[in-house]
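Below is one structure, written out as structure tokens; comments come after it.
Numbering (this note's numbering), first residue to last: 2 to 218.
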């Protein structure tokens with residue numbers, strides 16, 4: 002944001018100013034939900050292999066699941082992100098982290114984006130991504146499946162980073178009256194993230210701005 006306003010400061014200077022104002026940076030919390038249930042169906046190789054820098058849209062998608070709590074109730078988010086501009090191109094919210102939820106999110110992505118053949122879709126080894134319902138959709142759209150190595154969150158670190166920002170900025174230390182209200186706030190956050198949240202890796206643009214930029218350059 003400072004760069005966009007024409008202000009250029011290194012990180013040490015920013016930290017010094019923050020300390021003088023009594024401000025501290027929030028540290029991300031570890032994500033609790035784990036969808037791994039062992040080898041139930043097919044495990045795909047790690048074809049992405051941490052090559053997170055993608056130059057073109059709809060060449061590599063990543064997906065995952067994260068969990069939220071409101072009192073005794075739980076809500077799960079299953080987003081699909083385009084690695085080119087880090088845009089959340091589709092997502093599903095559900096009270097059950099089942100194969101229906103993950104299938105819906107990737108189905109939305111295919112319908113809205115209509116990628117060319119050869120798209121790489123990367124996830125962890127969660128049972129939802131081993132299931133035939135997920136693999137069938139990828140085959141039907143001539144997409145290629147890729148999976149992180151077992152227990153290695155760094156193989157899908159871009160999505161993990163999105164979850165960290167989401168929870169730090171709109172969930173932790175906030176109170177929600179119901180699962181419905183939380184779902185509405187998540188939807189609002191994703192819209193804001195896609196359209197307004199600028200990223201250094203996107204040359205100071207938001208995901209949507211960067212998508213428009215590369216389409217017309």
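Glycine included, every Cβ here is placed at the ideal spot set by N, Cα and C.
Per-residue DSSP class, three states only, for residue 164: helix
Test item: CB-CB of residue 74 and residue 100 under 9 angstroms: no
Any C-beta of chain C under 9 angstroms from that of residue 213: The structure shown has no chain C; it contains just one protein chain.
Candidates 42, 58, 92, of which the one nearest residue 215 by Cα: 58
Buried/exposed call for residue 93, threshold 16 Cβ in 10 Å: buried
Limits of the unbroken beta strand (DSSP E) element including residue 97: Where residue 97 is concerned, there is no enclosing beta strand (DSSP E), given that its DSSP letter is neither H nor E.
Residue 124 versus residue 168: straight-line alpha-carbon distance, rounded: 20 angstroms
Endpoints, alpha helix (DSSP H) assigned at residue 68: It is not in any alpha helix (DSSP H) - residue 68 instead sits in the beta strand (DSSP E) that spans 67-71.
Limits of the alpha helix (DSSP H) - the one that residue 214 falls within: 208-216
Integer Cβ distance of residue 138 from residue 111, believed to fall under 8 angstroms: 7 angstroms
Segment limits, beta strand (DSSP E) that includes residue 78: 74-83
Beta bridge counterpart(s) of residue 123 as assigned by DSSP: 63, 147
Identified DSSP bridge partners for residue 91: 81
Under 9 angstroms between C-beta atoms of residue 83 and residue 161: no
Three-way DSSP call (helix, strand, coil) for residue 54 in this model: coil
Nearest-angstrom beta carbon gap, residue 106 and residue 79 [assumed within contact, 8 angstroms]: 4 angstroms
Pairwise C-alpha distance: residue 67 and residue 201: 24 angstroms
Candidates 152, 115, 158, 127: closest to residue 141 by CA position: 115
Buried versus exposed, by CB contacts within 10 Å (16 or more), residue 144: buried
Reduced DSSP category for residue 272 - H, G, I as helix; E, B as strand; rest coil: This structure cannot speak to residue 272, because the chain is shown only from 2 to 218.
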